Structure formats: structure tokens, C-alpha cells
Amino acid sequence: MSKCQSNPCLNNGTCYEGYSKYECDCRWTSFKGPICADEIGIKMLTDTMVKYELPGTYKPTIAEKIRVGFTTTNPRGFLVGLYSNITGEYLTLAISNSGHLKVDNYEPVTWTFDAKGSADAQFNNIQYVYIGKTESMAECFVRCISRVEFDDIYPLKFYFQVDHPSITAESTPTIFEDYCWIKPIRYPEEETESRPPLEILEDILMELYLDNSAVLGGVLAILFIALLCMGFLI
405 MSKCQSNPCL NNGTCYEGYS KYECDCRWTS FKGPICADEI GIKMLTDTMV KYELPGTYKP
465 TIAEKIRVGF TTTNPRGFLV GLYSNITGEY LTLAISNSGH LKVDNYEPVT WTFDAKGSAD
525 AQFNNIQYVY IGKTESMAEC FVRCISRVEF DDIYPLKFYF QVDHPSITAE STPTIFEDYC
585 WIKPIRYPEE ETESRPPLEI LEDILMELYL DNSAVLGGVL AILFIALLCM GFLI
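In terms of the working numbering, the sequence shown is numbered consecutively and its last residue is 638.
And the structure:
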């Protein structure tokens, strides 16, 4: 069975097969690490803000994928927001005092909210992704935010790249990468497979040696006879 058949790369990482190993490409995920399981987060203080400016004009969309992970003990706080100064459209994800979160092991439940036919529920020109707070907010979400995604955009992952795109961050002290107290998953070490050595039986080697010796002896005998004939002619 191939290494990639067991889907070792997590969080939609892409698996590439090798002879005795596999490699995970985490490029299109908000994670990093050998199996795309390492969190990329930041520890949020009261004045921490990350602002990502989308390159160019972001295409209109019918459906969006938004993902954010967080750890906190506060009952309220701004997590992620999408904003446009051109159209005025926005979307915010936040923890509210009036809401609650219950974690259990039951099957997931999905709610579908029907918009009116006349309602424009489509983003037309999103410009910015905010994490933690916006410029107009006095305080931000406090604790830790990670795995932020907006479609195929990963602001926190981009921020910690050497040549990150148009991302600004404000914080005292400086923002550092954090794993948000979530220990990355690791698989047990596997023995490295190697190609078996080429086995050549001794009798086959001897047979080849004898055959080559016989051919060489015949060639030398012909050369010796030719030299004798040339000696008589001279």
C-alpha cells in the first residue's frame, strides 16, 4: 500500500509519494509542519490588531469559506472581520455576551438561513481582513487566535513569511508566532525502507568468469598465430 493512501496529511494538505516516505504540501492550508498539523497563531493582547489588504480587487463570490480557531476565557471579543471601504459591505465574527458555546460528542447540526430574494448576500469587493480588532475599536480580543482562513487566503501564515504581502500589525510588544496551547499531532517514527542489495549467486559469477577467460584465451591465441605468420613472411 502506498504511503499517501492512508491520507497522512491533515487539514487538506497534499500528499506526495516517495520511494520510502511521503511529503505533505501545506501550501493551501493555514497550518504548517511535517503533516500540516502545526498551529500558526498569535497571542492577542488588548492592543493587538492584524490587518490584511487583499491584493487587487477581490472577485465577487457566491459562497465563502471562513475559518478561525481561538482560545480565551473572556465572554466577548472580535475575532475576524471582512470589510470594504468602496461598497461598505462587511462581515464580522465575534464572541458575544449573549451567546454561548457547548462542546459535546453529538453529530454536527447545520443551520441554513434563507435570505430574501431581493437581499444582496454576495460580496462584491472585499478589501481588508481584520484579526483581533479594527482601527475604530479601543480593545481587541484577548488570548490566542489561529488557523485563520478566508477562501484561499491565510493572513497569519502570510504574515510570518519572510516576504509577506500587504499585512500590517499593531501590538505592544511585537507580535510573535504562537501555537495557542494546541500540541501538534505526530505519528510514530517509521523504519526507513531501503532498496534490497543486488544478490548475485557465486556459481553465476564463476560461470561468467570462466566464459570471459575462455574468450580472452581464444583472442590471445589468434593474436599469437598471427604474429608467427607475420614472422615467417618477413
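Every residue gets a Cβ at the ideal spot worked out from N, C-alpha and C, and that includes glycine. Bear in mind that the values here come from a model prediction, so they are computed numbers and not experimental data.
What does DSSP give as the partner residues of residue i in its beta bridges?
{"i": "Val454", "result": "Ile535 and Ala573"}
{"i": "Ile549", "result": "Ile446 and Phe474"}
{"i": "Ile557", "result": "Phe554"}
{"i": "Glu581", "result": "Ile446"}
Looking at residue i: is its Cβ nearer than 8 Å to the Cβ of residue j?
{"i": "Cys584", "j": "Thr496", "result": "no"}
{"i": "Phe562", "j": "Tyr456", "result": "yes"}
{"i": "Tyr420", "j": "Asp429", "result": "yes"}
{"i": "Asn416", "j": "Trp432", "result": "yes"}
{"i": "Thr452", "j": "Arg547", "result": "no"}
{"i": "Val472", "j": "Val533", "result": "no"}
{"i": "Ile549", "j": "Ile446", "result": "yes"}
{"i": "Ile499", "j": "Glu553", "result": "no"}
{"i": "Phe545", "j": "Met405", "result": "no"}
{"i": "Asp555", "j": "Glu468", "result": "yes"}
{"i": "Arg590", "j": "Ser434", "result": "no"}
Among residues of its own chain, excluding the 5 on either side of residue i, which ones have a beta-carbon nearer than 8 Å to its beta-carbon?
{"i": "Lys436", "result": "Cys430, Asp442, Ile444 and Lys561"}
{"i": "Glu543", "result": "Thr450, Asp451 and Lys537"}
{"i": "Gln531", "result": "Glu457, Leu458, Tyr462, Tyr487, Ser488, Asn489 and Ile490"}
{"i": "Ile571", "result": "Val454, Lys455, Tyr456, Glu457, Pro559, Phe562 and Tyr563"}
{"i": "Pro588", "result": "Gly437, Ala441, Asp442 and Glu443"}
{"i": "Arg480", "result": "Ala498, Ile499, Ser500 and Asn501"}
In its own chain, which residues sit with a C-beta less than 6 Å from the C-beta of residue i, not counting the 5 before and 5 after it?
{"i": "Ala573", "result": "Val454 and Ile579"}
{"i": "Phe564", "result": "Glu581"}
{"i": "Ile586", "result": "Glu443"}
Suppose the cutoff is 7 Å on Cβ atoms and the five residues either side in sequence are ignored; what does the same chain contact list for residue i look like?
{"i": "Met541", "result": "Phe482"}
{"i": "Cys413", "result": "Cys419, Cys428, Ile439 and Cys440"}
{"i": "Tyr426", "result": "Lys407, Cys408, Pro412, Cys419 and Tyr420"}
{"i": "Glu594", "result": "none"}
{"i": "Glu539", "result": "none"}
{"i": "Pro703", "result": "Residue 703 is absent from the structure shown; the chain starts at 405 and stops at 638."}
Please confirm whether any heavy atom of the ligand COA lies closer than 7 Å to the CB of residue i.
{"i": "Glu427", "result": "Absent from the structure shown: the ligand COA. Ligands present: none."}
Exercise for the section: Tell me the start and end of each unbroken beta strand (DSSP E) in the region 412-446 that is at least 3 residues and wholly inside, in chain order. Expected result: 418-421 and 426-429, all fully within the region 412-446.
Problem - Every unbroken beta strand (DSSP E) inside the region 465-506 [3 residues or more] - result: 470-475, 481-487 and 494-499
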